[in-house]
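Asker: Pasting in a structure now, in structure tokens, and then I'll have a few things to ask.
Take a look at the structure:
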């Protein structure tokens, strides 16, 4: 098992990473202070992992469960209210601990419920997807969507602990494994050139879920994110580099309709666009760009925008014309392979050529 | 104008108290950092004070408004969602400032909306009732009710500033003025004997809204609460003394149905019960008890439980039998006039006699 600490003063917390560790009761005991536990999960995860967790904890705690419908479509105030009702019906008090067992949607909602139940109770993340293990379980962002915008309602709220069991990846569909790997590769690109090199060597082993190597990849991803978050917990500055590829990716997700392209898939295509623009600006070499494209490909991820998507679509979703004109379109770009920056200072010609060539190549 | 600072490290904030100060734009300018402002108020307060505030701020800010229905019955997730929708429809971003203009219900809901809109935006309290000026605007408790419990959903979230304009009390119904005065008297009882003496002398002037004296009473109440909150922001210990009279009061409110007895009225009768028990235990003199009763009476507040209420009603709502038996009934009692403690160590005979005598006297 590997352990790291997210350093946030009196809100610091440990992340444990290992194979089968969701059955190590001591990890939970260290993070649970009261006698009540509410496990929040969803209909897909419950049949796989809920009973074992409830059995593990029932000897020492009063364990209740709340099983939500699966999917981003249910990440809203109504589902959040169901968690609150479950806590109240089971008479949980201010010493209860909420455990989020599932992917990013479960973690975001259970975390927001913990942040706001009786003005805040402890919670533990047990992320079961690669994406949530390397991304949403680190950093304390919790919340739900509003019909008028994603993640518009929420709080910054840190867990007591994150328990990452790599064994849960064995039940993850391959497409979701790839989508998670997209964020892993992103960490190499934005802040760790050696990690990027290592990923190139090990990508096949990682896609086959080699136990030791997947744990290492998650560990280094969490270290990367934890370092950035520790510098900028509330996203005032440097934390924005975590959004490499996300501005383009968001346009893709919106155009295609959420769920048609997974977030990680859109981020992969977006990262390639950002790397391409960084190459045109002379920040990275043509070889660096090829290596980036090849690594995403090896993780079975798209490296071009969807065939259906036109320049007008990008313009509409990124409010490009307006934002480029007034200089407010800020992109995360590479300074070198392994280092990123946030800038609105890039040549319009390069930007246009980057987008046009990608769209043409996708046809 | 009087000013005090609630000392909470990097979450410290100023409270301004004065006559007509809701029209001092500089106080708002110091607390607003962006260009967008959302004023949240209700249907009762809007016709009285909203236009003037919007006019005051419109020269420098984009000001939008959200007018909620009035009353505790609307303090729920649905009304909260309306504030979120208003913010999103008016395209407010993370630099917006929420201003709560109204009583405790508006402040609690607008504060919770500010705490959770895009994971937290600044807010300013402009409390317009005596109760909210001396109680809910200090301490950072925000939230809404759930059908299964009051204030079960919420967050600790501190404002940027509290602007208390005593002029707004001139439109407050007298019954609500008395209800607010109940909490003012409570501060004298729990932590400031000299303030209690002063209140005895000035109670008539205060009930007539003498400009200088009402400001002084609010100032000293806020100082008292701010001192307690600064020692115990998240209510782990000493903050509980603020609940003098609230355990009995809660039973009264619940039995009578919320809204029939105002919170402050139930607290007054509850404080007298707590003082009576403290006298029976020898903590305060019979004269202290008389002074307490007389001061609440002078503020036109009830000093006995409602005539309809039986011992069985108290037992049911306080879960008395069970809690007294297992020693978990903790009450806030007076150590002396001007000092309170939280204890579960009181003679059962005294407790029973206190309750029986009060019920008999109310018939």
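Chains as they are written, first to last, in our numbering: chain S, 1 to 363; chain C, 364 to 726. C-beta: ideal position from N, C-alpha, C; glycine also. In this text the structure is predicted, and so the values were computed from the model without any measurement.
#1: Would you kindly report the start and end of the unbroken beta strand (DSSP E) that includes residue 125 of chain S?
#2: Quick check on residue 151 of chain S - is its C-beta less than 9 Å from some C-beta in chain C?
#3: Checking contacts by CB at 9 Å: is residue 482 of chain C closer than that to chain S?
#4: With DSSP as the reference, identify every bridge partner of residue 339 of chain S, one or two as the case may be.
#5: What did DSSP end up calling residue 399 of chain C once you bin it into helix, strand or coil?
#6: Does residue 25 of chain S come within less than 9 Å of chain C when only Cβ atoms are used?
#7: Compute the Euclidean distance between the alpha carbons of residue 364 of chain C and residue 456 of chain C, then round it to the nearest angstrom.
#8: Following a CB-centred definition, is residue 89 of chain S positioned closer than 8 Å to any heavy atom of the ligand SAM?
#9: Based on the DSSP output, what are the partners of residue 504 of chain C in its beta bridges?
#10: Quick check on residue 641 of chain C: buried or exposed, where buried means 16 or more other Cβ atoms within 10 Å of its Cβ?
#11: Quick one: list the residues of chain S neighbouring residue 467 of chain C, beta-carbon separation under 8 Å, in chain order.
#12: Using 9 Å as the limit for Cβ to Cβ distance, is residue 225 of chain S near chain C?
#13: For residue 196 of chain S, decide whether its Cβ has a neighbour in chain C, counting only Cβ atoms nearer than 9 Å.
#14: Straight-line CA distance for residue 532 of chain C to residue 540 of chain C?
#15: Going by other Cβ atoms of all chains shown within 10 Å of its Cβ, with 16 needed for buried, is residue 212 of chain S buried or exposed?
#16: So residue 69 of chain S and residue 43 of chain S are in contact, right, with Cβ under 8 Å, and what is the actual spacing, rounded?
#17: At 3 residues or longer, and completely inside the stretch 403-453 of chain C: list those beta strand (DSSP E) runs for me, N to C.
#18: Apart from the five residues on each side of it in sequence, which residues of its chain come closer than 8 Å, Cβ to Cβ, to residue 571 of chain C?
#19: Taking residue 89 of chain S as the query, report the chain C residues whose CB atoms sit under 8 Å from its CB, ordered along the chain.
#20: Taking the beta strand (DSSP E) that residue 101 of chain S falls in, what are its first and last residues?
#21: Assign residue 331 of chain S to one of three DSSP states: helix, strand, or coil.
#22: So residue 128 of chain S and residue 102 of chain S are in contact, right, with Cβ under 8 Å, and what is the actual spacing, rounded?
#23: What's the gap between the Cα of residue 548 of chain C and the Cα of residue 368 of chain C?
#24: Evaluate residue 664 of chain C with the Cβ neighbour count: other Cβ atoms within 10 Å of its Cβ, from every protein chain shown; 16 or more gives buried, anything less gives exposed.
#25: Taking only the alpha-carbon atoms, compute the straight-line gap between residue 163 of chain S and residue 83 of chain S and give it to the nearest angstrom.
#26: May I ask you to list the residues that DSSP assigns as paired with residue 261 of chain S?
#27: Take the Cβ of residue 522 of chain C as the centre, count every other Cβ of all protein chains shown within 10 Å, and call the residue buried at 16 or more, exposed below.
#28: Shortest alpha-carbon distance to residue 57 of chain S belongs to which of S:74, S:286, S:37, S:104?
#29: Does DSSP classify residue 528 of chain C as helix, strand or coil?
#30: Quick one: residues in its chain with C-beta nearer than 6 Å to the C-beta of residue 558 of chain C, no 5 flanking neighbours on either side, listed in chain order?
#31: Grouping DSSP H, G and I as helix and E and B as strand, with all else coil, what is residue 715 of chain C?
#32: Between the stretch 617-626 of chain C and the stretch 585-600 of chain C, can you find at least three pairs of beta-carbon atoms closer than 8 Å?
#33: Quick one: which residues of the stretch 149-182 of chain S get their C-beta closer than 7 Å to a C-beta of chain C? List them in chain order.
#34: Across the stretch 382-400 of chain C and the stretch 422-441 of chain C, are there enough close Cβ pairs to call them in contact, namely three or more that are closer than 8 Å?
#35: Spatial neighbours of residue 215 of chain S within its chain, please: C-beta separation below 8 Å, excluding the five flanking residues on both sides.
#36: Where residue 87 of chain S and residue 518 of chain C are concerned, what is the direct C-alpha to C-alpha distance, given to the nearest angstrom?
Answerer: In short, the structure shows the following:
#1: Per DSSP, residue 125 of chain S is one residue of the beta strand (DSSP E) stretching across 123-127.
#2: For residue 151 of chain S, the answer is yes, since a Cβ of chain C falls inside 9 Å of its Cβ.
#3: Yes, contact with chain S.
#4: Among the bridge pairs identified by DSSP, residue 339 of chain S is matched with S:336.
#5: Residue 399 of chain C carries a strand assignment under DSSP once its states are collapsed to helix, strand and coil.
#6: Answer no: the Cβ-Cβ gap between residue 25 of chain S and chain C never drops below 9 Å.
#7: Spanning the two alpha carbons is a distance of roughly 33 Å.
#8: Annotation note on the ligand SAM: not contained in the displayed structure, which lists no ligands.
#9: Note: residue 504 of chain C sits in a beta bridge opposite C:519.
#10: Residue 641 of chain C should be labelled buried.
#11: Result: empty, since nearest Cβ-Cβ is about 15 Å, beyond 8 Å.
#12: Nearest CB-CB separation between residue 225 of chain S and chain C: not below the 9 Å threshold.
#13: The C-beta of residue 196 of chain S comes no closer than 9 Å to any C-beta of chain C.
#14: Near 8 Å, if we compare the C-alpha coordinates of residue 540 of chain C and residue 532 of chain C.
#15: The residue in question, residue 212 of chain S, is exposed, as its Cβ has fewer than 16 Cβ neighbours within 10 Å.
#16: About 6 Å; that satisfies the 8 Å criterion.
#17: 425-431, all fully within the stretch 403-453 of chain C.
#18: Taking C-beta separations shorter than 8 Å and ignoring five residues to either side along the sequence, residue 571 of chain C has no partners in its chain.
#19: In chain order: 511.
#20: Per DSSP, the continuous beta strand (DSSP E) segment holding residue 101 of chain S begins and ends at 97-102.
#21: When DSSP states are grouped into helix, strand and coil, residue 331 of chain S belongs to the strand group.
#22: The beta-carbon distance between residue 128 of chain S and residue 102 of chain S, rounded to whole angstroms, is 6 Å. This is short enough to meet the 8 Å contact definition.
#23: Roughly 22 Å between the two C-alpha positions.
#24: The residue is buried, with at least 16 neighbouring Cβ atoms inside 10 Å.
#25: The alpha-carbon atoms of residue 163 of chain S and residue 83 of chain S are separated by roughly 21 Å.
#26: Note: residue 261 of chain S sits in a beta bridge opposite S:258.
#27: Within 10 angstroms of the beta-carbon of residue 522 of chain C lie 16 or more other beta-carbons, which makes it buried.
#28: Nearest of S:74, S:286, S:37, S:104 to residue 57 of chain S, Cα basis: S:37.
#29: Residue 528 of chain C: strand per DSSP, three-state reduction.
#30: Counting only Cβ-Cβ distances below 6 Å, and skipping sequence neighbours, we find 551, 583.
#31: In the structure shown, residue 715 of chain C sits in a helix (DSSP, three-state: H, G or I).
#32: For the pair of segments examined, the stretch 585-600 of chain C was found not to touch the stretch 617-626 of chain C: the number of CB pairs separated by less than 8 Å stays below three.
#33: Answer set for the stretch 149-182 of chain S: 149, 152, 153, 154, 155, 156.
#34: The stretch 382-400 of chain C makes contact with the stretch 422-441 of chain C, as at least three CB pairs between them are under 8 Å.
#35: Same-chain partners within the cutoff: 2, 17, 18, 19, 166.
#36: Taking C-alpha positions only, residue 87 of chain S is separated from residue 518 of chain C by approximately 16 Å.
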